[in-house]
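Residue numbers (my numbering), protein chains in the order written: chain A, 64 to 190; chain B, 65 to 370. To start, the structure itself, in structure tokens.
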């Protein structure tokens, strides 16, 4: 699913303006909804969308480490300016939706987006 | 490539003299040059290393590898002479090219200073790029200089990995300071990616590093994270002199947490830190003494080519 489609489904707005889409429009391959960054670190993968109510800079760092496609803040929470600044610096796409976490998940699921499945097989390559 | 071509190349490395293909217009720096200015000098001149000269004499070599090591250690500005290689290998301008090729290979260097045999003075510098360029010219094969430059700089990191010695990166993590939490893990990830390490492997190392970093911030007054990369594995150590872990076995249980509420508000402290580190690692070790401190070591094996 393309990120612009996610944005439309969630009636979301970008938290900062992407000046140059370096890799063009990003493809969202899966989704995780959580406020726990430890879960986000091991459960999401490259191209995942993270739905969260947390708006601090740890969320952005997490996104940078696992190469998320985007973060969407739920319940209309606008991130702090420092958070946006860091996201701009690291090229992390941010969306804000007024929907609740439950509603956001439901809409995306209905349109075919599925859960990010991180397990040990995803995280490490050994037996 | 035909067999004749290889033979011709082999002949050429014996025929050609170092002086014929080295470059003479050498950019050099003085021992007093600050390390902070080195990057600009290397960038502007598009070189990955340069001789250090005092009063016309060669006293050392400084390379982008030295610069990266200094940068990662981030222990303040200093002079080039403190970080340069003093034990410099050289070649004479009248030696056959094969001598230089052997030396570059044996010592894993990217460049060799070339001396004039009579005067002992620096006559030029020979890089791997110069050798390729010189051989190609001799073979009358067209090439684009721009491509050569690109190939040269992209091999800098491969050279480091190919070297038998390991690279050590060190990060200081201040305690209770959340503003920069995760910066060390982000930095490590960037560095690993630039070293050409597989994205999945770099990601696992970064996740383990991030969790270890959060532990230092949450539970201690600060500590340090060391990452050691060699051709085989990434080894990350998190060291602190904090309160220690009372019950390591319990701490390893998913969901067990001693973190205060303010940490939970930041999205951490859900009792998954050590569990996640273990998940990402091929090997994990915890030494902890209550009241003394903790050392966590993880090893992540580099993917080997099938």
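All C-beta atoms, glycine included, are put in the ideal place defined by N, C-alpha and C.
Other residues of its chain near residue i: CB distance less than 7 Å, five sequence neighbours each side excluded
| i | result |
| --- | --- |
| residue 268 of chain B | 344 and 364 |
| residue 113 of chain B | 125, 126, 127, 128, 174 and 175 |
| residue 142 of chain A | 78, 118, 136 and 157 |
| residue 115 of chain B | 90, 92, 122, 125, 177, 186 and 189 |
| residue 352 of chain B | 308, 309, 312 and 358 |
| residue 180 of chain B | 157 and 187 |
| residue 278 of chain B | 245, 332 and 337 |
Limits of the unbroken beta strand (DSSP E) element including residue i
| i | result |
| --- | --- |
| residue 302 of chain B | 297 to 304 |
| residue 442 of chain B | Nothing can be reported for residue 442 of chain B: it is not among the residues displayed for chain B, which extend from 65 to 370. |
| residue 319 of chain B | Here residue 319 of chain B belongs to no beta strand (DSSP E), and DSSP marks it neither H nor E. |
| residue 123 of chain B | 121 to 127 |
| residue 118 of chain B | 113 to 118 |
| residue 293 of chain B | 286 to 293 |
| residue 135 of chain A | 133 to 136 |
| residue 238 of chain B | 231 to 238 |
| residue 195 of chain A | Absent from the structure is residue 195 of chain A, since the part of chain A shown begins at 64 and ends at 190. |
| residue 95 of chain A | 93 to 96 |
Whole-number beta carbon distance between residue j and residue i, since they are thought to touch under 8 Å
| i | j | result |
| --- | --- | --- |
| residue 155 of chain A | residue 176 of chain A | No, residue 155 of chain A and residue 176 of chain A are not in contact; Cβ-Cβ is about 19 Å, not under 8 Å. |
| residue 178 of chain B | residue 82 of chain B | 6 Å |
| residue 336 of chain B | residue 101 of chain A | 4 Å |
| residue 289 of chain B | residue 237 of chain B | 6 Å |
| residue 132 of chain B | residue 105 of chain A | Contact flag wrong, Cβ pair sits at about 30 Å. |
| residue 249 of chain B | residue 274 of chain B | 4 Å |
| residue 252 of chain B | residue 233 of chain B | 7 Å |
| residue 378 of chain B | residue 354 of chain B | This structure gives no information on residue 378 of chain B, because the portion of chain B shown stretches from 65 to 370. |
| residue 280 of chain B | residue 239 of chain B | 7 Å |
| residue 130 of chain B | residue 117 of chain B | That pair is no contact at about 16 Å. |
| residue 149 of chain A | residue 334 of chain B | Actually they do not touch by this definition, with Cβ atoms about 22 Å apart. |
Pairwise C-alpha distance: residue j and residue i
| i | j | result |
| --- | --- | --- |
| residue 282 of chain B | residue 104 of chain B | 38 Å |
| residue 103 of chain A | residue 165 of chain A | 17 Å |
| residue 89 of chain B | residue 134 of chain B | 27 Å |
| residue 89 of chain A | residue 129 of chain A | 15 Å |
| residue 356 of chain B | residue 303 of chain B | 11 Å |
| residue 287 of chain B | residue 79 of chain B | 56 Å |
| residue 145 of chain B | residue 328 of chain B | 47 Å |
| residue 111 of chain A | residue 75 of chain A | 17 Å |
| residue 150 of chain B | residue 245 of chain B | 38 Å |
| residue 338 of chain B | residue 161 of chain B | 54 Å |
| residue 295 of chain B | residue 230 of chain B | 8 Å |
| residue 138 of chain A | residue 301 of chain B | 39 Å |
| residue 97 of chain B | residue 115 of chain A | 49 Å |
| residue 342 of chain B | residue 75 of chain B | 54 Å |
| residue 172 of chain B | residue 142 of chain B | 26 Å |
| residue 361 of chain B | residue 163 of chain B | 43 Å |
| residue 340 of chain B | residue 122 of chain A | 17 Å |
| residue 367 of chain B | residue 265 of chain B | 7 Å |
| residue 147 of chain A | residue 124 of chain A | 12 Å |
| residue 159 of chain A | residue 330 of chain B | 19 Å |
| residue 102 of chain B | residue 155 of chain B | 25 Å |
| residue 153 of chain A | residue 321 of chain B | 30 Å |
| residue 113 of chain A | residue 96 of chain A | 6 Å |
| residue 235 of chain B | residue 99 of chain B | 19 Å |
| residue 241 of chain B | residue 200 of chain B | 55 Å |
Beta-carbon contacts of residue i that lie in its chain and below 8 Å, excluding the five residues immediately before and after
| i | result |
| --- | --- |
| residue 170 of chain A | 72, 73 and 162 |
| residue 145 of chain A | 120 |
| residue 194 of chain B | 85, 86 and 87 |
| residue 174 of chain A | 64, 68 and 72 |
| residue 183 of chain B | none |
| residue 167 of chain B | 153, 155, 173 and 176 |
Contacts that residue i makes with chain A (C-beta to C-beta distance below 9 Å)
| i | result |
| --- | --- |
| residue 332 of chain B | 99, 100, 101 and 121 |
| residue 202 of chain B | Result: empty, since nearest Cβ-Cβ is about 41 Å, beyond 9 Å. |
| residue 253 of chain B | 127 and 128 |
6 Å CB neighbourhood of residue i in its chain, flanking five on each side removed
| i | result |
| --- | --- |
| residue 126 of chain A | 134 and 155 |
| residue 196 of chain B | none |
| residue 172 of chain A | none |
| residue 298 of chain B | 269 and 364 |
| residue 109 of chain A | 130 |
Under 9 Å from the C-beta of residue i: neighbouring residues of chain B
| i | result |
| --- | --- |
| residue 129 of chain A | 267, 270 and 271 |
| residue 124 of chain A | 245, 246, 247, 249, 250 and 274 |
| residue 117 of chain A | 329, 330 and 331 |
Chain B residues whose Cβ lies nearer than 8 Å to that of residue i
| i | result |
| --- | --- |
| residue 105 of chain A | 271, 336, 340, 343 and 344 |
Residue-level contact to chain C via CB, residue i, 9 Å cutoff
| i | result |
| --- | --- |
| residue 233 of chain B | Going by chain labels, chain C is absent from the structure shown, which instead holds the protein chains A and B. |
First and last residue of the uninterrupted alpha helix (DSSP H) at residue i
| i | result |
| --- | --- |
| residue 107 of chain B | 99 to 109 |
| residue 278 of chain B | 263 to 283 |
| residue 70 of chain A | 66 to 72 |
| residue 145 of chain B | 144 to 147 |
| residue 90 of chain B | Residue 90 of chain B -> no alpha helix (DSSP H), and no H or E assigned at all. |
Residue i Cβ short of 8 Å to the ligand MG heavy atom set
| i | result |
| --- | --- |
| residue 155 of chain A | You won't find the ligand MG in this model; it holds no ligand whatsoever. |
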